[in-house]
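Residue numbers (the UniProt record's numbering): 1 to 185.
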């Protein structure tokens, strides 16, 4: 399970903001949205911290050992009943709060994809299939501009094909026919 306390944030104010956001997220208080915005602004002001945190968050979302990232797309994942009286949100969804998705994760992912397309094609596939659906129009347009050349009859399957030679998870997703319609083989 993801431990939000392991996030690579610079010590000082940014770390304090992250802890405040995580605390508010865990308590499910309305302040979590404001704290997410303030934390995001602090990351955007520090490009090194932004890149480091973005890569860590994307790895947590899309490179898990248990393939929990596969259903993380627009299909959700829902609440987790951890054998308690109250269902709770999975901690991974703290990384998907807006504006983290649009101002941190997406720019870092697009930079990674442009520098090493094969290595990060699956991440782009998963981002376009999931968190990308919830971006505001301006940010969604930026994401689509990068992903549209890879769109075909089976959605963004060609992104997985691009990465299959260097990414075993992309190969596995292709073998599972993860991107095909039920009626077509």
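Just so you know, even glycine gets a beta-carbon here, dropped at the ideal spot from N, CA and C.
Please read these numbers as outputs of a predicted model, since none were measured by experiment.
Closest by C-alpha distance to residue i, when choosing among the options
{"i": "residue 48", "options": "8, 131, 90, 154", "result": "8"}
{"i": "residue 165", "options": "29, 2, 117", "result": "117"}
{"i": "residue 113", "options": "174, 154, 14, 146", "result": "146"}
{"i": "residue 124", "options": "170, 97, 103", "result": "170"}
{"i": "residue 30", "options": "97, 55, 10", "result": "97"}
{"i": "residue 167", "options": "140, 13, 120", "result": "120"}
{"i": "residue 60", "options": "6, 19, 133", "result": "6"}
{"i": "residue 108", "options": "11, 40, 10", "result": "40"}
{"i": "residue 126", "options": "28, 115, 64", "result": "64"}
{"i": "residue 56", "options": "4, 153, 133", "result": "4"}
Reduced DSSP category for residue i - H, G, I as helix; E, B as strand; rest coil
{"i": "residue 155", "result": "strand"}
{"i": "residue 8", "result": "coil"}
{"i": "residue 135", "result": "coil"}
{"i": "residue 21", "result": "helix"}
{"i": "residue 97", "result": "coil"}
{"i": "residue 45", "result": "coil"}
{"i": "residue 166", "result": "coil"}
{"i": "residue 188", "result": "Outside the shown range of the chain (1 to 185) lies residue 188, about which nothing can therefore be said."}
{"i": "residue 14", "result": "helix"}
{"i": "residue 30", "result": "coil"}
Test item: CB-CB of residue i and residue j under 8 angstroms
{"i": "residue 129", "j": "residue 156", "result": "yes"}
{"i": "residue 94", "j": "residue 22", "result": "yes"}
{"i": "residue 2", "j": "residue 91", "result": "yes"}
{"i": "residue 36", "j": "residue 131", "result": "no"}
{"i": "residue 32", "j": "residue 24", "result": "yes"}
{"i": "residue 143", "j": "residue 106", "result": "yes"}
{"i": "residue 222", "j": "residue 122", "result": "Since the first residue shown for the chain is 1 and the last is 185, residue 222 is missing from the structure and cannot be characterised."}
{"i": "residue 38", "j": "residue 58", "result": "no"}
{"i": "residue 162", "j": "residue 104", "result": "no"}
{"i": "residue 102", "j": "residue 137", "result": "no"}
Cutoff 8 angstroms: residue i Cβ touching any chain D Cβ
{"i": "residue 40", "result": "Looking at the structure shown, chain D is missing, and only one protein chain is on hand."}
Anticipated Cβ contact below 8 angstroms, residue i with residue j, distance rounded
{"i": "residue 46", "j": "residue 14", "result": "7 angstroms"}
Cβ-heavy atom distance, residue i to the ligand PLP, below 7 angstroms
{"i": "residue 170", "result": "Absent from the structure shown: the ligand PLP. Ligands present: none."}
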